[in-house]
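If you read the sequence shown in UniProt numbering, its first letter stands for residue 1, the second for the next number, and so on.
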Amino acid sequence: MEMQLDPMTDDLPLMANTSHMLVKHYTLDLDVDFESQIIEGIIVFFFETGNRYRKTSSTSEEGCQSQLDETCGTGVSEPYHIPVTNLSAHSSKTEYNDFAVCVKGEKDTSDKNGNHSNREQASGISSSKNCCDIENHGSTDFLLVLDCCDLSVLKVEEVDVAAVTGIEKFTRSAKLTDAAKEPGNLRNQIVHELVTLPADRWKEQLYYYTCCSQAPGCGELLFTTGTWSLEIRKSGIHSPKDFPHAIRIWYKTKPEGRSITWTTDQSGRPCVYTMGSPINNRALFPCQEPPIALSTWQATVRAAAHFVVLMSGENSAEPVQLQEGILSWYYYVTMPMPASTFTIAIGCWLEVKQQHLTAEVQTNSDFSLPFSQADLRWHEERCGHMDYPCRFQNSAARLQAVIPYRVFTPWCLMESCKELVLQLIPQCLSAAYTTLGTHPFSRLDVLIVPSNFSSLGMASPHIIFLSQSVLPGGRHLCGARLCHEIAHAWFGLAIGARDWTEEWISEGFATYLEDIFWARAQQVRCQYVTSQLSYMALLRWRRLRDEVQNSEEELQVLRPNKENTGEVSESGASVVKHGLKAEKIFMQVHYLKGYFLLQSLARTMGEASYLASLRKFVHKFHGQLVLSQDFLYMLLEDIPEQKESGLTIESIFQNWLDTSGIPKPLLEEGETWKECQLVQQVSGEVTKWIQTNQRIRKSGKKKRKQDEVVFEKV
1 MEMQLDPMTD
11 DLPLMANTSH
21 MLVKHYTLDL
31 DVDFESQIIE
41 GIIVFFFETG
51 NRYRKTSSTS
61 EEGCQSQLDE
71 TCGTGVSEPY
81 HIPVTNLSAH
91 SSKTEYNDFA
101 VCVKGEKDTS
111 DKNGNHSNRE
121 QASGISSSKN
131 CCDIENHGST
141 DFLLVLDCCD
151 LSVLKVEEVD
161 VAAVTGIEKF
171 TRSAKLTDAA
181 KEPGNLRNQI
191 VHELVTLPAD
201 RWKEQLYYYT
211 CCSQAPGCGE
221 LLFTTGTWSL
231 EIRKSGIHSP
241 KDFPHAIRIW
251 YKTKPEGRSI
261 TWTTDQSGRP
271 CVYTMGSPIN
281 NRALFPCQEP
291 PIALSTWQAT
301 VRAAAHFVVL
311 MSGENSAEPV
321 QLQEGILSWY
331 YYVTMPMPAS
341 TFTIAIGCWL
351 EVKQQHLTAE
361 VQTNSDFSLP
371 FSQADLRWHE
381 ERCGHMDYPC
391 RFQNSAARLQ
401 AVIPYRVFTP
411 WCLMESCKEL
421 VLQLIPQCLS
431 AAYTTLGTHP
441 FSRLDVLIVP
451 SNFSSLGMAS
461 PHIIFLSQSV
471 LPGGRHLCGA
481 RLCHEIAHAW
491 FGLAIGARDW
501 TEEWISEGFA
511 TYLEDIFWAR
521 AQQVRCQYVT
531 SQLSYMALLR
541 WRRLRDEVQN
551 SEEELQVLRP
561 NKENTGEVSE
571 SGASVVKHGL
581 KAEKIFMQVH
591 YLKGYFLLQS
601 LARTMGEASY
611 LASLRKFVHK
621 FHGQLVLSQD
631 FLYMLLEDIP
641 EQKESGLTIE
651 SIFQNWLDTS
661 GIPKPLLEEG
671 ETWKECQLVQ
681 QVSGEVTKWI
691 QTNQRIRKSG
701 KKKRKQDEVV
711 FEKV
């Protein structure tokens, strides 16, 4: 039964019909104009038929094979080099009215925002029932539904991938029937062979993605835009398997689009970046938002020569001058990820560089757990994810404690970043490796984002945004936040939530691991670290208590869909419960309750056993989407004696995940943490400051000799 979406709720709709068509790769070709605050260009989609209509085949479901070092190395390998034609340069100059789809009996309409359509504009959140219920409406044209918002879509067309030179190699080995040799089917067969190439041919795959994205069009497609979606159809095509599997879309962003922010940096220079919007990237490019739409991407971005383009990409892009005053930047990703993790930042950033070689990074040996024989066995096993060049199967990557990193910032923060951020990154990366093992991503950029950034940090593949607010806080605040964002490489990125309402899988784990990483990075005495962890736990407990007292109960539940978590409609569409609720953006309940759940499990099992189970979980589920029960089942299977103590999946759901308020096991914990020596020391110092401040206020302007108060540095 198709899900009915209510436009009046605060739920975020995920409209894409991923059960019918599933994107496997995006190719973006974009021009950035700071004067108009518009990004304009072309996106090409490469699809596979969705699982409900896919013919039986296991080619795309094979496990990850061990890759040669040169195809999955720790360094960055460049793909075949193709000079990328500026497609949007000649396309966007054309009068957009010429882009009208010429179909007899259908009239082209353009709205005042520049959207073009061959049918009436959809209003509100349209249900995909009529367009996707193919079995009951066989005579109806199939509709491809993409997530799209705040975009001006100009033209949609099918791509003639069969016109690419050398592409016939992808059909030679396939046994094609007479029907399959029909041009439309042949093009779809080529796309299928391309998207299912094995991981050790990733360079060749990127090369042909680029070639296909520049191939000529072979027919414009009908489309219409709604509040949350872009619907595309081809007249006479009734089934997703017959629908074009390579399509090209011309579009423009809008200055008011909610996926990106146009602003100035701390030095007053213009910049634009994706700031982690509740609507994700659908106002940056049309896409399939549901997390199940794991895809790779490549992007060419052109901007004025004084701008630096940073992006979630495996390569450290080197700019190419196309014409005077214009540079082109190219990035790619070979690990399939949700479109929501795509990140871009364009500004007058400067790279912060080391003036001298740093000493070898070491971590606190008191907290370093040696990898067991079980760890080695996991590396020898085949990965459970779809086939891609996986670092977990690469011997050199598995030994890389510190991946290559860079730091970018506005010029006015250069010295702060040089003294603080640049020194802390290798320590934090090494501590993370000591805890969880192989880094999922091959490199890392850290960018100090503009002051309007509403969070302390945000992690995306290969890049971390860091707030300027962490810089005055010194080593502790900056180091702890770096550790939190680095933890997301494993939990939130390499392992993602199959249902976005289960944010705790990302934020709870990152908050818990933040303490573990930072404790190891500091290289201080074990006794001090234990006190520090108790102090942080008390602060978080108080924060959770205050938030529970001052927020709506339904927003305090970590698994709001309960037993329906992870379910989607027949088409693949769904909603993220409370995804658009304004208060939710500022709430920390998913961080805090998730943290306390994981801390409770670690205390019950013992930290060494617990961290070993985390490493096992990472090896088993990296590159995949999970639900809460996937982690809990594996954890309890490893420690079967815990079931005898009453610790079960059901009890964890009931006490921690499915109810509002403070979990019962936590209610007495607050008093325990108060007994920590560091907590008492800090409380004493705070009392001194309060009393001293009160005496000064009472004395007013009278100059009276004050008793000298000795403050301790805690």
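A virtual CB, placed ideally from N, CA and C, is assigned to each residue, including glycine. All of these numbers come straight from a predicted model, not from anything done at the bench.
I believe residue i touches residue j by the beta-carbon criterion, under 8 Å. Please report the beta-carbon distance rounded to the nearest angstrom.
| i | j | result |
| --- | --- | --- |
| residue 723 | Ala-537 | One cannot answer for residue 723 here, as it falls past the ends of the chain, which runs 1 to 714. |
| Asp-29 | Ile-39 | Contact doesn't hold; Cβ gap of about 11 Å is too wide. |
| Arg-269 | Gly-347 | 6 Å |
| Leu-555 | Lys-584 | 6 Å |
| Leu-447 | Ala-345 | 6 Å |
| Leu-12 | Gly-496 | 16 Å between Cβ atoms; not a contact. |
| Ala-489 | Leu-513 | Between Leu-513 and Ala-489 the Cβ distance is about 10 Å, and since that is not below 8 Å, they are no contact. |
Tell me the residue span of the beta strand (DSSP E) that contains residue i.
| i | result |
| --- | --- |
| Gly-457 | 457-460 |
| Thr-300 | 295-304 |
| Arg-233 | 229-233 |
| Trp-262 | 260-264 |
| Cys-271 | 270-274 |
| Pro-13 | 12-14 |
Rank the options by C-alpha distance to the C-alpha of residue i and give the top, closest one.
| i | options | result |
| --- | --- | --- |
| Leu-636 | Glu-419, Ser-651 and Val-191 | Ser-651 |
| Gly-623 | Pro-461, Phe-596, Glu-514 and Lys-252 | Pro-461 |
| Lys-581 | Pro-319, Val-446, Lys-418 and Ile-279 | Ile-279 |
| Ser-455 | Leu-310, Gly-479 and Gln-468 | Gln-468 |
| Gly-236 | Tyr-209, Leu-143 and Ala-303 | Leu-143 |
| Gln-298 | Lys-203, Cys-417, Gln-681 and Phe-34 | Lys-203 |
| Leu-20 | Asp-31, Gln-288, Lys-254 and Lys-252 | Residue 20 is actually His in this sequence, not Leu. For the residues Asp-31, Gln-288, Lys-254 and Lys-252, the minimum Cα distance to His-20 belongs to Gln-288. |
| Gln-677 | Ala-339, Cys-478, Thr-530 and Gly-566 | Thr-530 |
| Thr-341 | Gln-323, Glu-318, Leu-350 and Gly-313 | Gly-313 |
| Leu-146 | Gly-217, Thr-224 and Leu-230 | Leu-230 |
| Cys-271 | Tyr-207, Ser-451 and Val-333 | Ser-451 |
| Asp-387 | Ala-16, Asn-17, Lys-24 and Ala-487 | Lys-24 |
| Arg-475 | Thr-274, His-192, Glu-419 and Leu-533 | Glu-419 |
| Glu-502 | Gln-532, Phe-453, Val-589 and Leu-466 | Val-589 |
| Glu-669 | Ser-534, Pro-216 and Asn-564 | Ser-534 |
| Met-634 | Asp-445, Leu-601, Lys-241 and Pro-198 | Leu-601 |
| Ile-292 | Gln-599, Gln-694, Asp-499 and Thr-210 | Asp-499 |
| Tyr-273 | Gln-266, Phe-285 and Ile-260 | Ile-260 |
| Gly-479 | Ala-431, Ser-267 and Phe-392 | Ala-431 |
| Gly-50 | Glu-485, His-192 and Glu-381 | His-192 |
| Asp-265 | Trp-673, Gln-527, Thr-409 and Phe-631 | Thr-409 |
| Cys-211 | Phe-453, Glu-168 and Asn-315 | Glu-168 |
| Trp-349 | Pro-290, Val-449 and Gln-393 | Val-449 |
Taking DSSP's pairing of strands, which residues face residue i in a bridge?
| i | result |
| --- | --- |
| Ile-39 | Val-32 |
| Met-337 | Ser-295 |
| Met-21 | Thr-49 |
| Phe-223 | Ile-232 |
| Arg-248 | Val-44 and Glu-157 |
| Asp-445 | Arg-406 and Ile-463 |
| Leu-323 | Per the sequence shown, residue 323 should be read as Gln rather than Leu. Beta-bridge pairing links Gln-323 to Ile-326. |
| Val-309 | Ile-346 |
Ends of the alpha helix (DSSP H) at residue i?
| i | result |
| --- | --- |
| Phe-617 | 607-621 |
| Arg-475 | 474-487 |
| Ser-628 | 628-638 |
| Gly-184 | 183-195 |
| Tyr-207 | 202-213 |
| Asp-499 | Premise fails: Asp-499 is in no alpha helix (DSSP H) and is neither H nor E. |
Just the C-alpha distance for residue i and residue j, rounded to the nearest angstrom, thanks.
| i | j | result |
| --- | --- | --- |
| Ile-516 | Thr-435 | 8 Å |
| Thr-648 | Phe-596 | 17 Å |
| Lys-155 | Cys-149 | 16 Å |
| Leu-544 | Ser-395 | 42 Å |
| Ala-163 | Phe-46 | 16 Å |
| Asp-546 | Leu-666 | 14 Å |
| Ile-403 | Glu-553 | 42 Å |
| Ala-401 | Arg-615 | 15 Å |
| Ser-506 | Pro-338 | 14 Å |
| Leu-206 | Gly-492 | 26 Å |
| Pro-244 | Met-15 | 19 Å |
| Val-308 | Gly-226 | 34 Å |
| Val-333 | Thr-687 | 53 Å |
| Leu-151 | Arg-302 | 19 Å |
| Arg-248 | Asp-160 | 10 Å |
| Glu-120 | Gln-354 | Confidence at Glu-120 is low in this model, with a pLDDT of 36, below 50, so the placement of that residue should be treated as unreliable; the coordinate-derived value is given next. So the two alpha carbons sit approximately 58 Å from each other. |
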